[in-house]
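Since the structure comes first, as C-alpha cells, the remarks are kept for the end.
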Amino acid sequence: MLTVSSLSIQFGGTFLFDDVSFMIQPRDRVGLVGKNGAGKSTLMKILAGLQEPEEGKVHRSNGLTIGYLPQDGITQAGRTVYDEAITAFAEALALEERIHALADELTRRTDSDSEAYTKLIHELSDANDHFARLDGFQTRGQVERILIGLGFTQQDLERLTDEFSGGWQMRIELAKILLRKPDYILLDEPTNHLDIESLTWLEDFLQNYDGAVVMISHDRAFLDAITRRTLEISLAEIHDYPASYSRYVEMRQERREQQMAAYKNQQKQIADTEKFIERFRYKATKAVQVQSRIKQLDKVERIEIDEEDTASVHFRFPEAPRSGRVVFEAENVVKKYGENEEEKTILRGVNFAIERGEKVAFVGKNGEGKSTFSKILMGKESAEGQVIIGHNVSIGYYAQHQAEMLDPNATVLDIIDRAATGEMRTKIRDLLGAFLFSGEAVEKKVKVLSGGEKSRLALAKLLLEPVNALILDEPTNHLDMRSKDVLKKALLDYNGSVIVVSHDRDFLQGLTNKVVEFRGGYLKEYDGDIYEFLRLKNLDSLKELEAKDEGKGTERNAQKDKGKAEERIVENPVNTTLPSEQLNTQHSTLNTSSAPLDREEKKRLQREQRRVERQIEECEKQIATLEGEVATMDKAMNAPDFYTAPNLKETLAKHEAKRKELEVKMEEWSALQEELAGLGV
4 MLTVSSLSIQ
14 FGGTFLFDDV
24 SFMIQPRDRV
34 GLVGKNGAGK
44 STLMKILAGL
54 QEPEEGKVHR
64 SNGLTIGYLP
74 QDGITQAGRT
84 VYDEAITAFA
94 EALALEERIH
104 ALADELTRRT
114 DSDSEAYTKL
124 IHELSDANDH
134 FARLDGFQTR
144 GQVERILIGL
154 GFTQQDLERL
164 TDEFSGGWQM
174 RIELAKILLR
184 KPDYILLDEP
194 TNHLDIESLT
204 WLEDFLQNYD
214 GAVVMISHDR
224 AFLDAITRRT
234 LEISLAEIHD
244 YPASYSRYVE
254 MRQERREQQM
264 AAYKNQQKQI
274 ADTEKFIERF
284 RYKATKAVQV
294 QSRIKQLDKV
304 ERIEIDEEDT
314 ASVHFRFPEA
324 PRSGRVVFEA
334 ENVVKKYGEN
344 EEEKTILRGV
354 NFAIERGEKV
364 AFVGKNGEGK
374 STFSKILMGK
384 ESAEGQVIIG
394 HNVSIGYYAQ
404 HQAEMLDPNA
414 TVLDIIDRAA
424 TGEMRTKIRD
434 LLGAFLFSGE
444 AVEKKVKVLS
454 GGEKSRLALA
464 KLLLEPVNAL
474 ILDEPTNHLD
484 MRSKDVLKKA
494 LLDYNGSVIV
504 VSHDRDFLQG
514 LTNKVVEFRG
524 GYLKEYDGDI
534 YEFLRLKNLD
544 SLKELEAKDE
554 GKGTERNAQK
564 DKGKAEERIV
574 ENPVNTTLPS
584 EQLNTQHSTL
594 NTSSAPLDRE
604 EKKRLQREQR
614 RVERQIEECE
624 KQIATLEGEV
634 ATMDKAMNAP
644 DFYTAPNLKE
654 TLAKHEAKRK
664 ELEVKMEEWS
674 ALQEELAGLG
684 V
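This is how it looks when you write it as C-alpha cells:
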C-alpha cells in the first residue's frame, strides 16, 4: 500500500502542495489531473521515491515494487532492443546463468556418491524451481509480446537502441516496466509517444493488470478507459473522486453546486439570526432569546466553498483569407531515406488532395510517414513526385517538436516580439495573456518553462499571421485538458483547411471530416471522424478473420466487399474511376447475398428474429429498472447534506457501479437492435 501523509512542497514561496494526504490501494486505477504546472509530475516523482517532500511522509509497504515512466529524458545505448528489454528479467537471467554453471559442474565431476555432489544436485533443483516460479522459461515470449504490442516489428528487436528516437526509447523503457510487473505502475504522459494501435494495446494491458496503476495523461479517452478514480490537484490541494475522468468532471460540478446551495442556505439563516439579534438586543423581554441565538450562531460550523482554479487559455484563429478550391495536391510522391541496399522507402507513390475548408486527420503507426508527408506538403522536405500548393494558400505549421526548438535563453516576451510584425506588435501582451502568460511570467526564460507552457508559447506564435491552411503535428502533446478543449473549439470555428497529425482520439472526435491512414507506404482515406475510422478498422479486422472460415467464404467475402465500398483507397497508381468490368464484378459480388432465400433458411432467420426480439424485450425491462435505481440515487445526491454523509464513498461507488451497469445494458440493447436489423426478415 502507498500512503501520503501531510505532504507539503513550496516553490519560490508558493505552495504546490499544502498538507495533503491520500492513500493508493494495491489494485487502484488512478488518474492524476490538474493544470500544467499544478505539480502532477512532481507528485509522481515523490510517489516513485525520486524526490523527497519538504514536509510530510510517503509510506510504502515492505517489499513494495514501483515502476516509473517519466515524460522524457530516457536514453539507452549499446544493446539491441531485445537485449535491453530482457534486462527487466535480471533475476531470472542471473539464475539461468547459475543453473548452467551448476549443470556444467555436475557433468565434470566424478564423485557422484559424495555429499558435495548431492548438495549440488539439491542446489540445481532449487534453482530450477525458483526459475520456474519466475516464469523464466517464458521470458523471450513475454519480451516479444510486449515489444510488438508497443509497435516494434520483429526486425526492430535486433536493431540497436541507439538507432531509435526519444519517443521509441520511451517505449523500450515502458516495455521493461511492464515486463517487471511491479506492484505499482506510475506513468507520466505515456500516450505522448504512442500511436493509436499501440495505445489500444496498452489500454487492454493496463485494464487487466494485477497491480495498481497511477497515470498522468491529457488523453481523456485513455483515462476513461483505464481509471476508476481521479485525484485532482488544484490550488495546492488534492480532491479525491471515485470516478473516471468524464464522470469526475460531472461530479466536480455537482459538488460545487451542492456546496453553493448549502452555503447560500446557511448564509440566509445566519443573516436572519443576526437580524433578530440586532433588532431585539436591547429589549429586556427578548434577552433570553437573544442570548440563545448568539450561542446558536457561535456553534454554527461555517460552510466553505472550495476555491476553483478558473484560469484558462482563450484564443481563436484569425479569419482565414480565401484560397483556391484545391489547397494541396500531391501526385505520385515517393520518399526514400538512405542509399542502395540501406535505402528505406517511407512513401510509395502517394496521391493526396485536400480542398478548401476540409479538416483531415493523419493517423497510423509511428514511423509510417505522417510527419514526413506533412513536411513534404510544407516544402520543408524534398521528395520524388509533385506537390502543388493551391492559389493564394498561406500555411501555418506547428511541428511535433517545435516547442523544444524555441531559443532556451530567450524570454517568453522575446519569442513573441521577434515573430510579431505590423499591427500585431501592439497586441503582444494581450496575446500572451490569452495563453496564460501575464505579469512576471512573460519574463520567464524558455528553458524554465514546463512542456505545456512551451507548447502554449509555440501555439501563440502560430496566431501572429492569418493563414488559410494549418498543418498541426501532435499539437496536444503536453497541453492540459482545458487548453486542449480551447484549441479544439478554435479549430472547429476556424474557416480554413486543417491537417492534424494526432493519436488523441478524444481531441480528434468530431473535429475532422476525413481520416487518412498511413500504412506500408500508402494512404487510405476514410470519410467521417476518428471513431468512425476505428469502427471500420475493427470491422475490417473481423472480416479478415472470418474470411479464413472456408465454410462461409462466399458470404463473408461479399460482406467484406460491401465494407470496402465505404472506403476510398489512395495508392499508386490511383484510379478513382473503376473500369466497367470491375464495376460489373463488384456489382455482382455485392448482390450475391440478396438472392431469394429458400424456405428452410427463411424459417431459421425467423427463429433468430424471435430470439433477438425476446432478448431486446428483456434488456429493455432491465434498462428501465436500472434507470429507476439511478434516478433515485441521483435525487438523493441532490440533498444538501449528501457530501457530508459518513458512508459517502460507498454510496458514490454504488452509484458509479449502477451507472456503468446501465451503460453496458444500453450497449447490449444497441447491439441487439443492430443484430435484428441485420437479419432483415
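So in the numbering used here the end of the sequence shown lands on 684, straight run, no missing numbers.
For every residue, glycine included, the Cβ atom is placed at its ideal position computed from N, Cα and C.
query	result
Does the Cβ of GLN1 have 16 or more other Cβ atoms within 10 Å, making it buried, or fewer, making it exposed?	Outside the displayed span of the chain (4 to 684) sits residue 1, for which this structure offers no information.
Does DSSP put LEU514 in a helix, in a strand, or in coil?	coil
Look at the Cβ atom of ILE151, then the Cβ atom of LEU182, and state whether they are nearer than 8 Å.	no
So for THR83, helix, strand or coil by DSSP?	strand
Got a sec? Which residues, its chain only, sit under 8 Å from GLU277 by beta carbon, not counting five neighbours each side?	LEU300
For a quick check, are the C-beta atoms of ALA224 and ASP186 less than 8 Å apart?	no
To which residues of the same chain is GLU176 closer than 8 Å at the C-beta, ignoring the five residues directly before and after it?	LEU72, ILE77 and GLN79
Any chance the segment 160-180 sits against the segment 115-123, with 3 or more Cβ pairs inside 8 Å?	no
Three or more C-beta pairs closer than 8 Å, one from the segment 442-451 and one from the segment 493-510: is that the case here?	no
Would you mind listing the beta strand (DSSP E) stretches within the segment 51-124 that are 3+ residues and don't spill past its ends, in chain order?	58-63 and 69-72
Measure the C-alpha to C-alpha separation of HIS125 and GLY139 and round it to an integer number of angstroms.	19 Å
Mapping the DSSP letters down to three states, classify VAL714 as helix, strand or coil.	This structure does not reach residue 714, given that the chain is present from 4 up to 684, and the question cannot be answered.
Within this structure, are the beta carbons of TYR85 and GLU161 separated by less than 8 Å?	yes
May I ask you to report which of helix, strand or coil DSSP gives GLN269?	helix
For ARG296, I'd like the list of residues in its chain whose CB is within less than 8 Å of its CB, leaving aside the five on either flank, ordered along the chain.	THR276, PHE279 and ILE280
Less than 8 Å separating the beta-carbons of GLY170 and HIS196?	yes
Run through DSSP, which three-state label would GLN157 get?	coil
Cα separation between LEU10 and LEU202?	33 Å
I need the straight-line Cα distance from VAL667 to HIS103, nearest angstrom please.	52 Å
Just list the residues that DSSP pairs ILE391 with in beta bridges.	GLU332
Quick check on this structure: which residue in THR424, ASP191, ALA135 and LEU460 has the alpha carbon closest to the alpha carbon of TYR401?	LEU460
For the alpha helix (DSSP H) containing MET173, list its first residue and its last residue.	169-183
Select from GLU94, GLN145 and THR164 the residue whose C-alpha is nearest the C-alpha of ASN131.	GLU94
From which residue to which residue does the alpha helix (DSSP H) around GLU206 run?	199-210
Take MET669 and list the residues in its own chain whose beta-carbon comes closer than 8 Å to its own, dropping the five residues that flank it on each side.	ILE626
With distance defined between alpha-carbon atoms, name the residue in ARG428, THR164, SER458 and GLN141 nearest to LEU439.	SER458
Among LYS338, GLN270 and SER505, which residue has its Cα nearest to the Cα of PHE365?	SER505
For LEU53 and HIS221, what's the separation of their Cα atoms in angstroms?	23 Å
In this structure, how does DSSP classify VAL504 when only helix, strand and coil are distinguished?	strand
Could you check what DSSP says for LYS339 in three-state terms: helix, strand or coil?	strand
Is it right to say LEU581 is buried, meaning 16 or more other beta carbons lie within 10 angstroms of its own, or is it exposed?	Low per-residue confidence applies at LEU581: pLDDT is 34, beneath 50, and the placement is therefore not dependable, though the value from the model is reported in the following sentence. Exposed is the call here.
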